[in-house]
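Data first, discussion second: the structure below is written as structure tokens.
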Amino acid sequence: MEDMVYALIPLAPFIVGGLFIWTKHQQKMIEKQSEMTAEKAAQYAAQTERLEARVRVLERIVTDKGIDVADEIEKLRDAPLN
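This is the structure in structure tokens:
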């Protein structure tokens, strides 16, 4: 058993080097995953903002009295999205 430990001593730099490379790789993977998560969050936020704007328009249409809802919907369909 003791001879086995002595046999591993020359391999120690390779083991430590491999562990260092593996640790760096794991760190880069975590950073990439964080970037992707942040990008998706930004996309979801933008989509939510667009949907909220559309809901506000619909709420205005429904709550305003005296307008023709069908005409207003048609106007909104023709209007460009912001």
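For the record, in the sequence shown the residue sitting at position 66 is 71 according to the numbering used here, with numbers rising by one throughout.
We put the beta carbon where it would ideally sit given N, CA and C, even for glycine.
Just so it is clear, the structure is predicted and the values come from calculations on it, not from any experiment.
- Classify Phe84 as helix, strand or coil using the three-state DSSP reduction. Within the sequence shown, the letter at position 79 stands for residue 84. According to the sequence provided, residue 84 is Ala. The question's Phe does not apply to it. Looking at Ala84 - three-state DSSP - the assignment turns out to be coil, as it is neither helix nor strand.
- Task: May I have the straight-line CA-CA distance separating Pro18 from Leu24, to the nearest angstrom?
- Result: Translated into positions along the sequence shown, residue 18 becomes position 13. Translated into positions along the sequence shown, residue 24 becomes position 19. It is roughly 10 Å from the alpha-carbon of Pro18 to the alpha-carbon of Leu24.
- Which first and last residues belong to the alpha helix (DSSP H) in which Pro18 is found? Your numbering for residue 18 matches position 13 in the sequence shown. Per DSSP, Pro18 belongs to the alpha helix (DSSP H) from 17-68.
- Message: Whole angstroms are fine: how far does the CA of Ala43 sit from the CA of Ala58?
- Response: For the purposes of this step, residue 58 is taken as residue 53 along the sequence shown, with counting starting at 1. For the purposes of this step, residue 43 is taken as residue 38 along the sequence shown, with counting starting at 1. Here the C-alpha atom of Ala58 lies approximately 23 Å from the C-alpha atom of Ala43.
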